[in-house]
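Heads up: the sequence shown is residues 106 to 313, going by the numbering used here. For each residue, glycine too, the CB sits at the ideal point set by N, CA and C.
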Amino acid sequence: MSITFYYAPQSSAGRIRVSLAELDVPYEAVRLDLRAGDQRKPDFLAINPNGKVPTLVIDGTPMFESVAIQIALGERYGVQKGLWPAPGTPEQLMALTWLVWGQVSVTGALFRYMGNTSEYFPKEMHNEKQAEQSLAEIHDLLRILDSRLEGRAYLTGERCTLADLDLASVLGWGLPAAKIDFSEQKNVKGWLGRIMERPAVKAAMAET
Numbered sequence: 106m107s108i109t110f111y112y113a114p115q116s117s118a119g120r121i122r123v124s125l126a127e128l129d130v131p132y133e134a135v136r137l138d139l140r141a142g143d144q145r146k147p148d149f150l151a152i153n154p155n156g157k158v159p160t161l162v163i164d165g166t167p168m169f170e171s172v173a174i175q176i177a178l179g180e181r182y183g184v185q186k187g188l189w190p191a192p193g194t195p196e197q198l199m200a201l202t203w204l205v206w207g208q209v210s211v212t213g214a215l216f217r218y219m220g221n222t223s224e225y226f227p228k229e230m231h232n233e234k235q236a237e238q239s240l241a242e243i244h245d246l247l248r249i250l251d252s253r254l255e256g257r258a259y260l261t262g263e264r265c266t267l268a269d270l271d272l273a274s275v276l277g278w279g280l281p282a283a284k285i286d287f288s289e290q291k292n293v294k295g296w297l298g299r300i301m302e303r304p305a306v307k308a309a310m311a312e313t
């Protein structure tokens with residue numbers, strides 16, 4: 106078994122780093138300098154023609170798109186580690202649902218909001234109405250998540266899964282970066298705090 110993990114700091118590769126740390130599987134890390142254009146070099150494009158991170162090579166087979174990588178890691182290593190539900194169970198269906206929900210619905214809304222408000226995007230690209238709409242959508246999604254966590258420690262029940270780790274990585278970075286107050290969502294706040302205090306998560310987030 107061999108894993109090569111291609112990543113760049115301050116990117117969506119961070120959520121895969123967290124999962125690898127929690128799963129405690131050995132891997133080789135290859136850091137790409139995106140500003141220098143490492144992602145556009147022929148050797149890397151032969152692995153991921155999109156020229157993006159995260160990219161994983163598992164036993165010689167390249168994988169890209171972080172949601173696909175998370176599912177593969179969960180199925181291959183997570184069940185034994187207690188970080189992914191067994192195939193065919195209701196818990197697995199829930200984990201898949203909330204994993205994709207986080208990467209599509211939540212991440213999409215966050216990026217739309219930041220694209221219309223953040224200083225990292227030119228002001229001439231900002232659209233006030235789109236920003237307002239995206240912010241309202243984010244708050245609706247946070248209320249949905251808060252309701253889901255009512256009476257549950259984690260998304261699928263009492264056990265943390267890669268779906269929790271992935272979504273927490275999105276929100277733990279995205280909400281502060283977008284300066285979004287979610288103090289009213291007490292369940293979300295408690296859940297996020299529990300995950301961010303996990304030793305493997307803290308270690309992974311501290312790495313560059």
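Leaving out the 5 sequence neighbours to the left and right, which residues in its chain are closer than 8 Å to residue i when beta-carbon positions are compared?
i    : result
N221 : M230, H231, N232, E233, Q235, A236 and S239
Quick one: what's residue i bridged to in DSSP?
i    : result
I152 : Its beta-bridge partners do not exist; DSSP assigns none.
M168 : L161
A53  : Any property of residue 53 remains undetermined from this structure, which presents the chain solely from 106 to 313.
Look at the alpha carbon of residue i and the alpha carbon of residue j, and state the distance between them as a whole number of angstroms.
i    : j    : result
I163 : T109 : 7 Å
P227 : M219 : 11 Å
M301 : L270 : 9 Å
L204 : V211 : 10 Å
E196 : R264 : 10 Å
T166 : S288 : 43 Å
DSSP three-state call for residue i: helix, strand or coil?
i    : result
V123 : helix
G85  : Nothing can be reported for residue 85, as the shown portion of the chain is limited to 106 through 313.
E302 : coil
I108 : strand
E317 : Because the chain here runs from 106 to 313, residue 317 falls outside it and cannot be looked at.
Q115 : coil
W203 : helix
Rounded to the nearest angstrom, how far is the Cβ of residue i from that of residue j, given a contact under 8 Å?
i    : j    : result
A113 : R136 : 7 Å
E242 : A214 : 5 Å
S274 : G119 : 6 Å
L267 : S124 : 5 Å
Sorted by chain position, which residues of the same chain lie with C-beta nearer than 7 Å to residue i's C-beta, five sequence neighbours on each side aside?
i    : result
S107 : D164
W189 : G179, E180, G183, A200, T266 and L267
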